[in-house]
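Student: This is the structure I want to talk about, given as structure tokens.
There are 2 protein chains.
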Amino acid sequence: MKLDIDVAVRGNELSGMEKHWDVLVVGAGIIGLSTAYHIKKDNSDLSVLMVDRNAAAAQADTRKTMGGIRDTFSSETNRLLAKSSIEFYQHVQNELHFNLNLQLIGYLWLLTEREFKTFEPLETEMRKQGVRLRTYDRKDLASLIPELVLDPKTKQSNLIGIENIYKALQGLDCGIVSPELIAKFYEEEFKKQGGELQFNTEVKSLCLEAKNKLDLPGEPHIWQEKVFSGVKTSRRFIKADTIIVATGARTSTLLDPIGIDCLIKPKKRQVFQIKSPAAEKLINTKGFNESNTIPFTILPKSGVCLRPIRGEKSFWVTAEDDLGRGLGYEEEPMPEESYFTYGIYPILTEYFPYFANIHPANSWAGFYDVNSIDSQPIIDRVHNCILVVGTSGSGIIKADAVGRMAAAIFKGNDEATLYGGRRISTRLLRLTNRSVTKEELVV
Amino acid sequence: MKLDIDVAVRGNELSGMEKHWDVLVVGAGIIGLSTAYHIKKDNSDLSVLMVDRNAAAAQADTRKTMGGIRDTFSSETNRLLAKSSIEFYQHVQNELHFNLNLQLIGYLWLLTEREFKTFEPLETEMRKQGVRLRTYDRKDLASLIPELVLDPKTKQSNLIGIENIYKALQGLDCGIVSPELIAKFYEEEFKKQGGELQFNTEVKSLCLEAKNKLDLPGEPHIWQEKVFSGVKTSRRFIKADTIIVATGARTSTLLDPIGIDCLIKPKKRQVFQIKSPAAEKLINTKGFNESNTIPFTILPKSGVCLRPIRGEKSFWVTAEDDLGRGLGYEEEPMPEESYFTYGIYPILTEYFPYFANIHPANSWAGFYDVNSIDSQPIIDRVHNCILVVGTSGSGIIKADAVGRMAAAIFKGNDEATLYGGRRISTRLLRLTNRSVTKEELVV
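Protein sequences, first through last, are from chains A and B. The numbering of the first sequence is my numbering, which starts it at 2 and goes up by one. The numbering of the second sequence is my numbering, which starts it at 2 and goes up by one.
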């Protein structure tokens, strides 16, 4: 029963027939794109391949988000990631003249008295850290948004637990963007640098091997050093020296089988588009920003929020799930009409009776990657595999900084330089011994 | 599209025909049993029902563990939970005269020079905190365990990456116990106090309802206050005011559908029994403890460890999984012979050539509940549901203290009193904002 070790110890074989990539990026969502772009930019001589199961980039959760961007976070790390990413997007749009539909129309939190008291210490801290905020009292709000009911008083509002609006807080350097345009920017730049993309290529599993193979059955064994040799896709095996996992909500499907707990769980998130001629007036609300539109607005109950779509005279609305909405991945997540009708609608119409009798014109569902520990991304290396996942509903907001951190980890650097020059430790967002506080401002 | 809210708001209906329990404990493993015992002991007038899918208590992972107990942990919280639980088990065996097969034969870490250096700061800290430890140098070891090869020098040992043993460290207040006897103690006491048990009753789901039901389709909605009304089992619905979830590795199956991330993932853990006439000599090793047997022994490679079974002249052995062994639950986890043959055996026989040509006489597999954040239990309340899960391979060791903490949370107390009188905050091990350091001494 001695091991049969008389075979020579072999290195990883490299067949001359197959391309062996320096870097393989799995997932062409916004995080994979940003990471691939920054890796290729920093290392132009490397061969970098990005694969995605869909027919084009950014077809999954990237294009299903609300596309809100903000620098209003309670965690210093989150603020830094968000702020530098937003500044990079501004640079892309204003200096590189690549339109991202980026408009800093603000985030407007409508707060009850109770919520305002919870917010106050966060507000003080954020202002101290340079986050630009503006406060509105009831009088301001009544005059700026005449359509808003500050004190809903119907029988229904009481049942639902609707509370009066006490104040509002606007994050001034927040706004909206088109995630698919940010994705397009990264994709085009990545290709210009010589990066390659393969679509319709679903990664089925990551391949872990013994570093020194011994031709024993069932390798790698517990005592063997391990290395990722590549991935199995729906079509073939792809070899690479480094694998970047940027698969968002699908991540545990790939990592559980090799024993890596990615810390995140997928939760369905639904978006409904509401369109009405009456919406036009609300969309053209003045006084909050130069665009003369209503900011990305968060109502006091269940995180119901509205994002104006100016050209289409419509809003996108979503809500924050409470207990009772399951965790788990589905191939084809579907929006539920009853979620709008019984969940969002009653809250929305108490504050904006304006939307009475409205029906969603469109709806879709994607996944929020819940990291229930601290609601911050996971960026770490496990041998020659780098994880860039779990952006917890703010992947668009932080994608540029997150990609730079992953690229720094790829290079073995202890720090990453974010857009604007700020440096950040690449050890903050590891799988274990994370050095971040729990984010309290989750939308 | 207004909600139909003209029906009177109703409380939870209570049919006179069905028993409505004060407390329902799901899972009669050691954690459920300890929790049920402590809740019933503190609140004798409450009706407490414990259900389990198996035909008797402690039939799943509780009886598949190695049954080692130790107070040697790097985390202060873990040390406190372990120490007070071990003292309680001693009290049960020595003063209540309920045999638990508890023997403080020690834990013996055989360490390479590299490992010893990592261990040293932990050792210093543990000694400072009152953990009783004894160090052995190579001369001691050679004389105490002549069967042990301190410097394996075979061709195989080099390939496997076996290193020389430099020193050993013994935790003196550690040892072995029969988990099923601790379980039996709690079960009998729980029944004496009037607690009830139902077996062959598998909980399929937890039932979450709106606190104030409105007879709307799809309740509870996002804006409704929620309450757990009971559980659906393979046989019927069981109503209860409080539900205790103590389902170990199965927990995410129950909690994911209601949107609670329990933070733990199951990982298969295998135990092999090795039996040989030659083992007798090793079992009768003198000098480590009053029982004149070899301690629970951990080898330097891959966490391979041996637990002596004196009466049967055999050992149980297991190993620590590395990358490549998947996460996930299976109904019938099976041990793999190749895991022993190619994983454990080569390491074991390098240090104990003594075991050459041995075959496992028996083997089984259970689940380790991986909490990759800090390797400590999760004890928290979500509305009227209390989670007591994720004991990360040390559920037996800490079961008494964990049960007391859950019982304190049930009573709404901010602190629990552990056996021996030490008090501990019930907020340390919550689902979020946990206040514990990562445990570094995982076996």
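Glycine included, each C-beta is placed from N, C-alpha and C at the ideal position.
Please determine, among 127(B), 169(B), 185(B) and 84(B), the residue with the shortest C-alpha to C-alpha distance to residue 101(B).
Tutor: 185(B)
Student: In chain order, what residues of the stretch 216-231 of chain B put their CB closer than 9 angstroms to some CB of chain A?
Tutor: Per Cβ criterion, the list reads 217, 218, 219, 220, 221, 222, 223, 224, 225, 226 and 227.
Student: Taking a Cβ distance cut-off of 7 angstroms, strictly less, list which residues of the stretch 314-346 of chain A are near chain B, in chain order.
Tutor: 320, 322, 323, 324, 325, 326, 327, 328, 329, 339, 342, 343, 344 and 346
Student: Quick one: what does DSSP say residue 1(B) is sitting in, helix, strand or coil?
Tutor: Absent from the structure is residue 1(B), since the part of chain B shown begins at 2 and ends at 444.
Student: Considering Cα atoms alone, identify which of 238(B), 250(B) and 361(B) is closest to residue 19(B).
Tutor: 238(B)
Student: If you count every other CB in all the chains shown that lies within 10 Å of the CB of residue 97(B), and 16 or more means buried, which is it?
Tutor: exposed
Student: Where does the unbroken alpha helix (DSSP H) through residue 100(A) begin, and where does it stop?
Tutor: Counted as a single uninterrupted DSSP element, the stretch harbouring residue 100(A) is not any alpha helix (DSSP H), since DSSP gives it neither H nor E.
Student: Quick check on residue 348(B): does DSSP put it in helix, strand or coil?
Tutor: helix
Student: As an exercise, report each continuous beta strand (DSSP E) stretch of at least 3 residues that is fully enclosed by the stretch 94-175 of chain A, in chain order.
Tutor: Secondary structure remark: continuous beta strand (DSSP E) runs of at least 3 residues inside the stretch 94-175 of chain A, in chain order: 108-112, 134-138 and 168-172.
Student: Does DSSP put residue 361(A) in a helix, in a strand, or in coil?
Tutor: Correct three-state label for residue 361(A): strand.
Student: For the stretch 366-378 of chain B, list every residue whose C-beta sits within 9 angstroms of some C-beta in chain A, in sequence order.
Tutor: 371, 372, 373, 374 and 375
Student: Report the residue ranges of all beta strand (DSSP E) runs contained in full by the stretch 14-80 of chain A; include only those spanning at least 3 residues, in chain order.
Tutor: 21-27 and 49-52
Student: Checking 8 angstroms against the spacing of the C-beta atoms, do residue 367(A) and residue 36(A) come in under that value?
Tutor: no
Student: Output, in chain order, the set of chain B residues within a Cβ distance shorter than 8 angstroms of residue 55(A).
Tutor: Those within 8 angstroms of residue 55(A) in chain B number zero; the least Cβ separation is about 26 angstroms.
Student: Looking only at DSSP bridge pairs, what is residue 274(B) linked to?
Tutor: 317(B) and 363(B)
Student: Quick one: what does DSSP say residue 340(B) is sitting in, helix, strand or coil?
Tutor: helix
Student: So that I know if they touch, is there some Cβ in chain A lying closer than 8 angstroms to that of residue 431(B)?
Tutor: no
Student: Just the C-alpha distance for residue 42(B) and residue 404(B), rounded to the nearest angstrom, thanks.
Tutor: Each residue's CA atom was taken as its position, placing residue 42(B) and residue 404(B) some 11 angstroms apart.
Student: Give the DSSP-derived three-state secondary structure of residue 407(A) in the structure shown.
Tutor: helix
Student: Answer with yes or no whether the minimum CB distance from residue 11(B) to chain A is below 8 angstroms.
Tutor: Note that residue 11(B) has pLDDT 35, beneath the 50 cutoff, so the model's placement of it is unreliable and no number is given.
Student: Mapping DSSP to helix, strand and coil, what is residue 194(B)?
Tutor: coil
Student: Taking the alpha-carbon positions, what's the residue 201(A) to residue 358(A) distance?
Tutor: 41 angstroms
Student: If distances are taken between C-alpha atoms only, which option among 206(A), 133(A), 30(A) and 23(A) comes closest to residue 390(A)?
Tutor: For residue 390(A), the nearest C-alpha among the options comes from 30(A).
Student: Tell me, please, whether the CB atom of residue 14(A) is closer than 8 angstroms to any CB atom in chain B?
Tutor: For residue 14(A), the predicted model reports a pLDDT of 41, less than 50, meaning its position is unreliable; a value from the coordinates is still stated below. No, because no Cβ of chain B sits closer than 8 angstroms to the Cβ of residue 14(A).
Student: With 7 angstroms as the limit, tell me which residues of the stretch 143-170 of chain B have their beta carbon closer than that to any beta carbon of chain A; keep them in chain order.
Tutor: 156, 157, 160, 161 and 162
Student: Is it right to say residue 138(A) is buried, meaning 16 or more other beta carbons lie within 10 angstroms of its own, or is it exposed?
Tutor: By the neighbour-count rule (16 or more Cβ atoms within 10 Å), residue 138(A) is not buried but exposed.
Student: Alpha carbon to alpha carbon, how far is residue 170(A) from residue 125(A)? Give it in angstroms, no decimals.
Tutor: 12 angstroms
Student: Would you decide whether residue 401(A) is buried or exposed? Buried here means 16 or more other CB atoms lie within 10 Å of its CB.
Tutor: Counting C-beta atoms within 10 angstroms of its own C-beta, residue 401(A) has 16 or more neighbours from the protein chains shown and is therefore classed as buried.
Student: Within the same chain, show all residues whose beta-carbon is closer than 6 angstroms to that of residue 198(A), passing over the 5 residues directly before and after it, in chain order.
Tutor: 51
Student: Exposed or buried, residue 372(B), counting other C-beta atoms within 10 Å across all chains shown (16 or more means buried)?
Tutor: The residue is buried, with at least 16 neighbouring Cβ atoms inside 10 Å.
Student: Closer than 7 angstroms between beta carbons: that is the criterion. Which residues of the stretch 293-306 of chain A meet it against chain B?
Tutor: 302 and 303
Student: Less than 6 angstroms between C-beta atoms, sequence neighbours within five positions excluded: which residues of the same chain meet that for residue 1(B)?
Tutor: Any question about residue 1(B) goes unanswered here, given that chain B covers just 2 to 444.
Student: Nearest-angstrom Cα distance between residue 362(B) and residue 223(A)?
Tutor: Distance between the alpha carbons of residue 362(B) and residue 223(A) is about 22 angstroms.
Student: In angstroms with no decimal places, state the Cα-to-Cα distance between residue 443(A) and residue 120(A).
Tutor: Looking at the two C-alpha atoms, the distance is approximately 12 angstroms.
Student: For a contact meaning CB atoms closer than 8 angstroms, what does residue 266(A) contact in chain B?
Tutor: 257 and 262
Student: State buried or exposed for residue 158(A), treating a residue as buried only when at least 16 other CB atoms are found within 10 Å of its CB.
Tutor: Counting Cβ neighbours within 10 Å, residue 158(A) comes out buried, since at least 16 surround it.
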